[in-house]
Amino acid sequence: MEKTIQYHRTSRDIIQACWTLLKEENFNKITVKQILDKAMISRSTFYQHFSDKYEIIEYVEKQYLIEFMKLVNSMAILSKKEDTNLKFDQIDKKATEFFEKNNEHLKLLFEIDETDLNFRYKLRKTISEYISNTTPNLNELELALLSAQAVEYIVYYINHTNEVKNFARTMIDGQITVFLTILGININSTNGGNIKEKLNNLMINYPGNK
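Per this note's numbering, the very first residue in the sequence shown carries number 763; after that it's consecutive.
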């Protein structure tokens, strides 16, 4: 038992050392030696936990994807509430808590520019799989567009957490704005504004959200 506790503590220290270094410089410049020094461990101890710095990031990426899907599932449950205002308030609260807690680390993951460590792609793939399972009638293009837009909104939200309020409503509004703009509809015109408002109401009160 003692060995297991110590093992997890060391893994945690290695990961924390990596986070600290990521705040100071680009991932591609970080060396295992730097991680060893920050975590104050030997090279042999490091290799008992991770094969290289890439495996550290792959591990934390996986953990954050798991946590993100927990958030999505809890939001899906909340979306079935009858009271529209209440459900959106609770969804916004959940989202705010999650992103405030994980904002710093998520930013760092999105900033890593490595072929095998593309958190943006992995998140998009995870969201696409979720949408595909919950809305099986969508085609491949629709899935790609929805998942890509969701990820870009999340990235924007992470970088502007203090500016963006009402996570769920803003995401729906953004999706509709993009859709209407692609169709060439001016959302700033009276007619375009009316169409947007009607679509917003349809999305918010969609039977699947009740």
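Cβ atoms here follow ideal geometry from the backbone N, Cα and C, with glycine treated the same way.
Among the residues of its own chain, which have a CB less than 8 Å from the CB of residue i, if the five just before and after it don't count?
i, result
"Q837", "Residue 837 is actually Met in this sequence, not Gln. Correct list, in chain order: I853, K856, A857 and A930."
"E823", "L871, L879, F881 and K884"
"H811", "Y769, T772, S773 and I776"
"A801", "T772, D775, I776, Q778, A779 and F808"
Considering only residues of the same chain and omitting the five flanking positions on each side of residue i, which have a CB-CB separation below 7 Å?
i, result
"A910", "R886"
Taking the continuous alpha helix (DSSP H) assigned at residue i, which residues delimit it?
i, result
"L903", "E902 to N921"
"N735", "Since the first residue shown for the chain is 763 and the last is 972, residue 735 is missing from the structure and cannot be characterised."
"I819", "K815 to L840"
According to DSSP, is residue i helix, strand or coil?
i, result
"E787", "coil"
"E876", "strand"
"E866", "helix"
"I792", "coil"
"F812", "coil"
"E925", "coil"
"K855", "helix"
"I776", "helix"
Just checking my contact of residue i with residue j at CB under 8 Å: how many whole Å lie between their CB atoms?
i, j, result
"C780", "I797", "6 Å"
"I920", "L868", "5 Å"
Is the distance from the Cβ of residue i to the Cβ of residue j below 8 Å?
i, j, result
"L900", "I893", "yes"
"F850", "T923", "no"
"Y826", "N864", "yes"
"V834", "K815", "no"
Who are the near neighbours of residue i in its chain, counting only those whose CB is closer than 6 Å to its CB and skipping five residues on each side?
i, result
"T877", "none"
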